[in-house]
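A short write-up of the structure that comes next.
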Amino acid sequence: MREVAIIGAGETKYGEHWDKSLRDLVVEAGLKAVEDANITADDVQAIFGGNMSAGSFVGQDHVGALIADFAGVADKKIPAMRIESACASGAAALHAGYMAIASGMYDIVLVGGVEKMTDLPGDMVTDILAGAADREWEVFLGATFPALAAMMARRYMHEFGMTKEQMALFPVIAHKHGALNPDAHFQREITVDAVLKAPMVADPLTIMNCSPVSDGSAAVVLTSADMARKYTDSPIKISASAFANEYISLHSRESLIRSVSTIEAGRKAYKMAKKEPKDIDLVEIHDAFSIIAIEGIEDLGFAKKGEAWKLAEEGQLNLDGSLPYNPSGGLKAKGHPVGATGVGQVVEIVKQLRNEAGKRQVDGAEVGLAHNVGGTMTSSIVHILEVM
Amino acid sequence: MVVPRFWRERRYRYSLIGTRCPVCGTVYFPPRNVCPKCGRESVGKMEEFQLSGKGEVYSYTVVHQNVLGYKYQKPYVMAIVQTPEGPRITGQIVDIDPEEVHIGMPVRAVFRRIAEDGKAGIIQYGYKFVKDE
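Order-wise, the sequence lines are chains A and B. The opening residue of the first sequence carries number 271 in this note's numbering; numbering runs sequentially from there. The opening residue of the second sequence carries number 223 in this note's numbering; numbering runs sequentially from there.
Laid out in structure tokens, this is it:
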């Protein structure tokens, strides 16, 4: 297998883009990545597009072909495909792109992620997102996605005694960092009190424990590590791309307080990158719901089970702490255009490792980890990136 | 949605019938054609298994969202119920003040209307849970 590097990265602002369509968003991010990589569209040999549900959100399937067409490369006749793994679609597309380069089949690929979510009313968006769970045996009975996450949180709090106040520290930190990111959906700080007093979505989760519905797109250009310096002086190596799955429904799992797919993806990623949790300088953790971030931090080996909140309380998750957490603002504040999210996390890490992250720059960042999950931590994908 | 989508699941949803792997004895709900523990050895051998409908609350939440098809029920209690036979089951808990629900509370399954497909569509039935006195 060849080593793989990122030579270009770009993304749109995340948020409610009333003036932009699915294709507008993905082309904007893709062209930024291509320009950043100092290549032209002619150099791209394959396109992998992460997208959860354009067919439901905007009635558009065949997203790979659409991306290639409106990126202006229809005449090049290159392969272009959509990759889907619910909220982990973006990282799944990156995993596919990684395999395409590592295998030697292609030399330059474009990996994009996109979701256009705000063309529908909220109750329909909620129903489409619920498709990441088991439609027949969870959703049919009335479970929404926040309801499932809430049941994880309830059980976790029952077993470990974590309080709502402690859980609220995670969105507070995400917003503190998001306030420094000009591309974030929400660029303002919030307080623990605001999280607790926000409207209840599914007890114990208030709306401030849940990521927003966002439009957005992100893209990266990949090539092999040995070719990367031909295009850029600051390539970023993908030291690990690891993907694991488990039971789609919560009720089929042995436990609600840990994600065996995150544990497995983390284990594989650390082994592949020859790294340990202590080697990681910053993390982008999937915080679609506060409880998912909490379990993710623990399952990736950054805290003992039941104790992730202590890192938050001690300030370790701040930009100057021992584990800078979601410097982009995370899904909570940067936003969660589901198919774009996994690629967007990696775009943030590329910016951080190139020392281009502006006010939210983590000093001396050389190794970053991105954790993107689909469903109720059903699919977990971990990427480790480092400067080369 | 057309009728077969719901009709094909009627026995399992109306009567809480799951499956049991004869190789290792594990009971599953919803039904499975392959036992995750025994793999190919179980294929073609999985047996239908009648659950008792008894259980206790393993986790729960009170849903305050506007959910398609469930708006008229809000707020409603969703739970994961641990059955004595082994499987956990996701379902609503009804006929109770949400404040009264707690982890460990004994429940039993009842046959109820679940949702409606618009004003003229199919009325869908299945299981919910009530407190088991």
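C-beta: ideal position from N, C-alpha, C; glycine also. Being a predicted model, the structure only gives us computed values, none of them experimental.
Distance, Ala635 of chain A Cα to Val329 of chain B Cα: As a position in the second sequence, residue 329 of chain B is number 107, starting the count at 1. As a position in the first sequence, residue 635 of chain A is number 365, starting the count at 1. Distance between the alpha carbons of Val329 of chain B and Ala635 of chain A is about 52 Å.
Tell me where the beta strand (DSSP E) around Val384 of chain A begins and ends. Looking up residue 384 of chain A in the first sequence gives position 114. Run containing Val384 of chain A: 378-385, per the beta strand (DSSP E) assignment.
For the putative contact between Glu534 of chain A and Ala514 of chain A, defined by C-beta atoms under 8 Å, what is the C-beta separation to the nearest angstrom? Your numbering for residue 534 of chain A matches position 264 in the first sequence. Your numbering for residue 514 of chain A matches position 244 in the first sequence. Ala514 of chain A and Glu534 of chain A do touch by the CB rule: their CB atoms are close to 4 Å apart, below 8 Å.
For Ser291 of chain A, which residues of its own chain have a beta-carbon under 7 Å away from its beta-carbon, when the five flanking residues on both sides are left out? Numbered from 1 along the first sequence, position 21 holds the residue referred to as residue 291 of chain A. So the list reads Lys386, once near-sequence residues are dropped.
With burial defined as no fewer than 16 other Cβ atoms inside 10 Å of the residue's Cβ, what is the status of Phe228 of chain B: buried or exposed? Within the second sequence, numbered from 1, the residue matching residue 228 of chain B stands at position 6. Classification of Phe228 of chain B: buried, given that the 10 Å Cβ count is 16 or more.
Can you pull out the residues from the region 417-440 of chain A whose beta carbon lies closer than 7 Å to at least one beta carbon of chain B? Ala417, Ala420, Met421, Arg424, Arg425, His428
With Glu554 of chain A and Glu618 of chain A assumed to form a contact (beta carbons below 8 Å), what rounded beta-carbon distance in angstroms separates them? For this step, residue 554 of chain A is matched to residue 284 along the first sequence. For this step, residue 618 of chain A is matched to residue 348 along the first sequence. Between Glu618 of chain A and Glu554 of chain A the Cβ distance is about 6 Å, and since that is below 8 Å, they are a contact.
Please classify Phe327 of chain A: is it buried, with 16 or more other beta-carbons within 10 angstroms of its beta-carbon, or exposed? In the first sequence, counting from the first residue as 1, residue 327 of chain A sits at position 57. Buried, since its Cβ has 16 or more Cβ neighbours within 10 Å.
Give, in chain order, every unbroken run of the beta strand (DSSP E) that is at least 3 residues long and sits entirely within the region 265-337 of chain B. 269-272, 276-285, 298-304, 310-315
Which of the three DSSP states is assigned to Arg263 of chain A in this structure? Any answer about residue 263 of chain A is impossible in this case: the structure gives chain A only from 271 up to 658.
Taking any Cβ of chain C, which residues in the region 456-479 of chain A have a Cβ under 9 Å from it, in chain order? Absent from the structure: chain C. Protein chains present are A and B.
Do three or more CB pairs link the region 331-344 of chain B to the region 399-407 of chain A at distances below 8 Å? no
With a cut-off of 8 Å, does the C-beta of Tyr292 of chain B fall near any C-beta of chain A? Walking along the second sequence from the start, residue 292 of chain B turns up at place 70. Closer than 8 Å: yes.
Give the single residue among B:Glu263, B:Ser281, B:Gln314 whose Cα lies nearest to the Cα of Tyr416 of chain B. For residue 416 of chain B there is no data in the structure shown, the boundaries of chain B being 223 and 355.
Interface residues of chain B around Ala413 of chain A at Cβ under 7 Å? Along the first sequence, read from residue 1 onward, the residue named residue 413 of chain A stands at position 143. Simply Met300, Thr312.
Around the C-beta of Phe272 of chain B, are 16 or more other C-beta atoms found within 10 angstroms, so that it is buried, or is it exposed? Taking the second sequence and counting its residues from 1, the one referred to as residue 272 of chain B is at position 50. The sequence as given places Gln at residue 272 of chain B; Phe does not occur at that position. Exposed, because fewer than 16 other Cβ atoms sit within 10 Å of the Cβ of Gln272 of chain B.
Start and end of the alpha helix (DSSP H) containing Gly600 of chain A? In the first sequence, the residue the question calls residue 600 of chain A occupies position 330. Here the alpha helix (DSSP H) through Gly600 of chain A covers 600-603.
Can you tell me which of the three DSSP states Gln586 of chain A falls into? Numbered from 1 along the first sequence, position 316 holds the residue referred to as residue 586 of chain A. Reduced to three states, the DSSP call for Gln586 of chain A is coil.
Give the DSSP bridge partners of Ala510 of chain A, in chain order. Translated into the one-based positions of the first sequence, residue 510 of chain A becomes position 240. DSSP, once it has assigned bridges, lists A:Ile654 as partnering Ala510 of chain A.
Taking Ser649 of chain A as the query, report the chain B residues whose CB atoms sit under 8 Å from its CB, ordered along the chain. In the first sequence, residue 649 of chain A corresponds to position 379, counting from 1. Close partners of Ser649 of chain A in chain B (Cβ separation under 8 Å) are lacking, with about 17 Å as the shortest Cβ gap.
Could you give the distance in angstroms between the alpha-carbon of Ser323 of chain A and the alpha-carbon of Arg293 of chain A? Mapped onto the first sequence, residue 323 of chain A falls at position 53. Mapped onto the first sequence, residue 293 of chain A falls at position 23. Roughly 14 Å separates the two Cα atoms.
Should Met394 of chain A be flagged as near chain B, meaning a C-beta pair shorter than 8 Å? Your numbering for residue 394 of chain A matches position 124 in the first sequence. Closer than 8 Å: yes.
Taking the runs of the beta strand (DSSP E) that are 3 residues or longer, which of them lie wholly in the region 442-488 of chain A? 470-472
I'd like to know whether the C-beta of Gly348 of chain B is nearer than 8 Å to at least one C-beta of chain A. The count along the second sequence starts at 1 and reaches residue 348 of chain B at position 126. Yes, its Cβ sits closer than 8 Å to a Cβ of chain A.
What residues from the region 395-408 of chain A come within 7 Å of chain B, judged by C-beta to C-beta, listed N to C? Thr396, Asp397, Glu406, Trp407, Glu408
Contact with chain A by Pro252 of chain B, beta-carbon distance below 8 Å: Here residue 252 of chain B refers to the residue found at position 30 of the second sequence. Answer yes: the Cβ-Cβ gap between Pro252 of chain B and chain A drops below 8 Å somewhere.
Measuring CA to CA, which of A:Ser509, A:Ile561, A:Ile277 is closest to Lys541 of chain A? Here residue 541 of chain A is taken as the residue at index 271 of the first sequence, counted from 1. That would be A:Ser509, whose Cα lies nearest to the Cα of Lys541 of chain A.
Where does Glu281 of chain A sit, in a helix, a strand or coil, going by DSSP? To locate residue 281 of chain A, count along the first sequence from 1; it is residue 11. DSSP places Glu281 of chain A in strand when its eight states are reduced to three.
Check whether chain A comes within 8 Å of Ile325 of chain B, counting only Cβ atoms and requiring the distance to be less than that. Taking the first residue of the second sequence as position 1, residue 325 of chain B is located at position 103. Yes - at least one Cβ of chain A is within 8 Å of the one on Ile325 of chain B.
Buried/exposed call for Arg232 of chain B, threshold 16 Cβ in 10 Å: Taking the first residue of the second sequence as position 1, residue 232 of chain B is located at position 10. Exposed is the call here.
Span of the alpha helix (DSSP H) around Arg254 of chain B: Position 32 of the second sequence, counted from the first residue, corresponds to residue 254 of chain B. Premise fails: Arg254 of chain B is in no alpha helix (DSSP H) and is neither H nor E.
Top-ranked residue by Cα proximity to Pro193 of chain B, from B:Val299, B:Ile344, B:Tyr250, B:Lys267: The requested residue 193 of chain B is not part of the displayed model; chain B covers only 223 to 355.
Looking at C-alpha atoms only, which residue of A:Asp503, A:Val296, A:Lys467, A:Arg528 is the closest neighbour of Ile317 of chain A? On the first sequence, residue 317 of chain A is found 47 positions in, with the first residue counted as 1. Nearest Cα to Ile317 of chain A within the set A:Asp503, A:Val296, A:Lys467, A:Arg528: A:Val296.
If the criterion is Cβ atoms closer than 8 Å, does the pair Ala354 of chain A and Ser519 of chain A meet it? For the purposes of this step, residue 354 of chain A is taken as the residue at position 84 of the first sequence. For the purposes of this step, residue 519 of chain A is taken as the residue at position 249 of the first sequence. The sequence given here places Glu at residue 354 of chain A; Ala does not occur at that position. Not a contact, by the Cβ cut-off of 8 Å.
Inter-residue spacing [alpha-carbon to alpha-carbon] between Ile325 of chain B and Val303 of chain B: For the purposes of this step, residue 325 of chain B is taken as the residue at position 103 of the second sequence. For the purposes of this step, residue 303 of chain B is taken as the residue at position 81 of the second sequence. If I take the Cα positions, the gap works out to 9 Å.
Suppose the cutoff is 6 Å on Cβ atoms and the five residues either side in sequence are ignored; what does the same chain contact list for Val284 of chain B look like? Mapped onto the second sequence, residue 284 of chain B falls at position 62. Once the five neighbours on either side are set aside, the close Cβ partners of Val284 of chain B are Pro297, Val299, Pro320.
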